[in-house]
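Take a look at the structure below.
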Amino acid sequence: MPTLQGSIESIVFHNEETHYTVARFRPSTGTGRGSSRSSRDGLLTIVGTLPGVRAGEVLTVEGVWEYDPRYGHQLHVTSFNQRLPTSTEGIIRYLSSGLIKGIGPKKARTLVEHFGEQTLAIIEQQPERLAEVRGLSEKDRTRIIAAWTQQQEMKEVQLFLQTHEIPLHLASRIYRQYGAESVRVVRENPYRLVQDIYGIGFRTADEIATRLGLPRDSLPRLVTGLTYVLAQAANEAGHCYLPEDELLLQAQRILQVPRSALEQALEQGQHEGELFIEPAPPDTESHEPDPDWPLFKDLGSASSAAVQAETDPLLALPTAPAGTAQRRIYYGPFWHAERGSARLLKRLLRTPSRLPAVSPALWEQVFQHLEVRRQLQLTERQREAVQTAFTRKVSILTGGPGTGKTTSLRALLLLLRRQRVEVALTAPTGRAAKRLSEATGLPAQTLHRLLEYTPHDGPYQRHEERPLSCQFVIVDECSMVDILLFYHLLKALPPEAHLLLVGDADQLPSVGPGNVLRDLLRSEVIPTTHLTELFRQARQSRIVVSAHHVNAGLLPVVKNEEGSDFLFLHESDPQRARSLILDLVERLLPTRYHLHPRADIQVLSPMYRGPLGVISLNELLQQHLNPRTEGELLLGKHRLRVGDKVMQVRNDYDKGVFNGDLGWIRRIDHQAATVTVEFQEEAGPQLIEYEFAELDALTLAYAVTIHKSQGSEYPAVIIPLFLQHAPLLQRNLLYTAITRARRLCVLVGQRQALEQAIRNDRVAQRNTALAERLRALLE
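Once you know that position 363 of the sequence shown is 363 in the UniProt record's numbering, the rest is easy, because the numbers rise by one and skip nothing.
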């Protein structure tokens, strides 16, 4: 890597949150390769995370040369050392660079004219002498001293962290969190970073602890390691808890310590309120490690695990005898959410309703009115759904596509409006809320907006002390709601309010922990209406009919004929399938079905990796649908271009965009180091700005995983199905994918893969206890 010495001439751009900086740098003479990259004025551009850097400072920088088509060569700084300026002009630039609020070039020059090259030394060592300078007020002197102290603290933290090879972008986050206490916190317990700072996980904290020489069997390390395993189980498999043996087995493999040390850490975690231990119910059998959870996949068969145990004594663990109940270990947030949800549902169910009573005769008049005046002719089941929602405090409306859930909702909403009942319509994502609003003709919003999520103040502003003002809440796409969000919704509901949960339990469960809709149905304590009859209009759609066939375990009837909205294109070779998918997106479907290649067609793949995975297909589709242009941005191994379709891959409550939201890149500004993305929100298009350092929250979205498509609908979808996708070929995955299509669904691949997906009705088991908690509370 090239190393350069020189001084900061000016700061072109600096982000206070991320410390991403673009600066003009004057190399010292004789520093080698950097001088050849300099412009006519002898300056070159450096970019990167540069916390605390000011104009006038002398720097030694190390980095990688990059070429930007618009701005030319730039040095991307990976590490740097700072020295204070020694020349009078450098000191003036440094003090007037914005370091000290209210001190501009004029006051900075006054200071330097008085103290000369000793100005900075006097500020640091003899700040009382600032009173000698005429024209410098007491307020100015206070500002100078405070700013200098903060700057020195930042540099001390930065030097300490750099000494232990901690990346610069993490150093800035740590200082923002702890300020002058940063060094003490990191030195005493770096595992605090996992809880306090977004983007720092257990493995990063563990590397820091290793560099600091902390013992591997320290209790802070082991407690944090246990919570890490539980959090991974929630993120990757949706578990709310793990059986004790399963937790300790995985923790031993990661932490490399004896089981006895972990048992002590388990008790310590319980004492600190981080972990919760519950005895298993008497009828609960021991759990085997879940083979679908990635952290356990490398264990292989029982025999290969035994071979591993011979070489690694930590794996030679005693297992509970068959049928022996095990304690359940919860990470705190999931324990509170599951128990709290059961408690609040009980309160909701047992608090009397304030809606007016409706006699059987009046119900008949209501349904006749809907039929005559509103042209809403309801089946018996749909009538039952409306009556149940109106008369019972909590109810569920479930059913597949085309079974009349939306018609039932519209009828219920007309009745509620006639009774002047205040209703809130909501869904887990912006896309799902938009669809709900379009279907009902009434405004809908995301659950986060309904609950007034503000990450810096609470975070949910609606809760038990400040509940929602509405009398009735309808939640659509409830299968996507995880246990944490469900708990916050219940906390915000007034006890007398009604709650209607609408969803399709046969679709994929939530991305987050828990299995709320399935658990509520399994508990059998929530009144439920299950719509099963396909309406005549829905029966005309092969998409809808095929989805119901798949859900019933039957092969869909595929006739690749003109006008059909459901096609299966057989192709056994993955490389030819890639070419076929590209041709479908780029030429065939736009020509035949008048679809826009980028806006209307969505490729849904079961997996990320492989020639037909999301990553590879995105590169192929981007290359053809949005070819390389000037001003594109290199992001790791990938490129972002104006016009690219992108997806947000984690919740960002500050920006108001959430995991799974689709957008379009509208602008890339290399000078300001920002990317502007347009998202479609409930209220219309919204432009969101990202700093370059925040772009790990975005990914290309010409192809997305089926899991990420939940809650969305697209004019057309293309689904590759191959035996190489075997680990994820499941009935509910295929069913979910097909139901994402509105006008056209095209399957591309092997018939054997289609058959395997339909045969595989094994729904991955999630460790949850909401159903049994509800049954126990309501017995």
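Where is the CB? At the ideal position from N, CA and C, for every residue including glycine. Predicted model, so just to flag it, every value in this text is computed and none were measured.
- Here residue 645 is bridged, per DSSP, to 664.
- Put simply, the backbone Cα of residue 491 is about 13 angstroms away from that of residue 459.
- Residue 347 holds the alpha-carbon nearest to the alpha-carbon of residue 778 among 139, 347 and 566.
- Pairing residue 2 with residue 80, the inter-Cα distance amounts to about 12 angstroms.
- DSSP links residue 243 through a beta bridge to 328.
- The three-state secondary structure of residue 204, taken from DSSP, is helix.
- In the assembly as shown, residue 560 is an exposed residue. Its beta-carbon has fewer than 16 other beta-carbons within 10 Å.
- For residue 68, the enclosing beta strand (DSSP E) starts and ends at 58-68.
- By the neighbour-count criterion, in which 16 or more other beta carbons inside 10 Å mark a residue as buried, residue 389 falls on the buried side.
- Under the DSSP assignment, residue 680 falls in the beta strand (DSSP E) whose first and last residues are 674-681.
- The beta carbon of residue 222 is closer than 7 angstroms to those of 255, 257, 261, 262 and 265 in its chain, skipping five residues each way along the sequence.
- In the structure shown, residue 762 adopts coil according to DSSP, grouped into three states.
- Residue pairing for residue 399: DSSP places it in a beta bridge opposite 531.
- Inclusion of residue 384 and residue 529 in the CB contact set at 7 angstroms is warranted, their separation being smaller than that value.
- Shown here, residue 140 sits in a helix according to DSSP, grouped into three states.
- The segment 732-741 and the segment 669-677 do not touch, with fewer than 3 CB-CB distances between them shorter than 8 angstroms.
- Contact between residue 351 and residue 496 holds, with the beta-carbon distance rounding to 5 angstroms and staying under 8 angstroms.
- Residue pairing of residue 26 in beta bridges, as defined by DSSP: 7.
- Contact holds between the segment 704-718 and the segment 595-615, because three or more Cβ pairs, one in each stretch, are under 8 angstroms apart.
- Residue 710 carries a coil assignment under DSSP once its states are collapsed to helix, strand and coil.
- Counting only runs of 4 or more residues that sit fully inside the segment 561-588, the alpha helix (DSSP H) segments are 574-583, in chain order.
- In the same chain as residue 45, and ignoring 5 residues on each side of it, the C-beta atoms closer than 8 angstroms to its own belong to 12, 22, 23, 24, 25, 71, 72, 73, 74 and 75, in chain order.
- For residue 574 against residue 724, the beta-carbon gap comes to about 7 angstroms, under 8 angstroms, which counts as contact.
- Contact annotation: the segment 439-455 does not touch the segment 326-340, with fewer than three C-beta pairs closer than 8 angstroms.
- Residue 749: not part of any alpha helix (DSSP H); member of the beta strand (DSSP E) spanning 741-749, first to last residue.
- Here residue 638 has no same chain residue with a Cβ atom under 6 angstroms from its own Cβ, once five neighbours each way along the sequence are excluded.
- Here residue 514 really is in contact with residue 482; their C-beta atoms are around 5 angstroms apart, less than 8 angstroms.
- According to the DSSP assignment, residue 354 belongs to no alpha helix (DSSP H), since it is labelled neither H nor E.
- Between residue 767 and residue 729, the CB-CB gap reaches or exceeds 7 angstroms.
- Below 8 angstroms, too few C-beta pairs join the segment 474-489 and the segment 738-755 to call them touching: fewer than three.
- Remark: C-beta atoms of residue 503 and residue 478 approach each other more closely than 7 angstroms.
- Setting aside the 5 residues that flank it on each side, residue 156 is surrounded in the same chain by 183, each with a C-beta closer than 8 angstroms to its C-beta; the list follows chain order.
- Nearest to residue 518 by alpha-carbon distance, out of 644, 398, 233 and 245, is 398.
- C-alpha of residue 410 to C-alpha of residue 341: approximately 28 angstroms in a straight line.
- Straight-line measurement puts the Cα of residue 208 at about 7 angstroms from the Cα of residue 166.
- DSSP places residue 767 outside any alpha helix (DSSP H), giving it a letter other than H or E.
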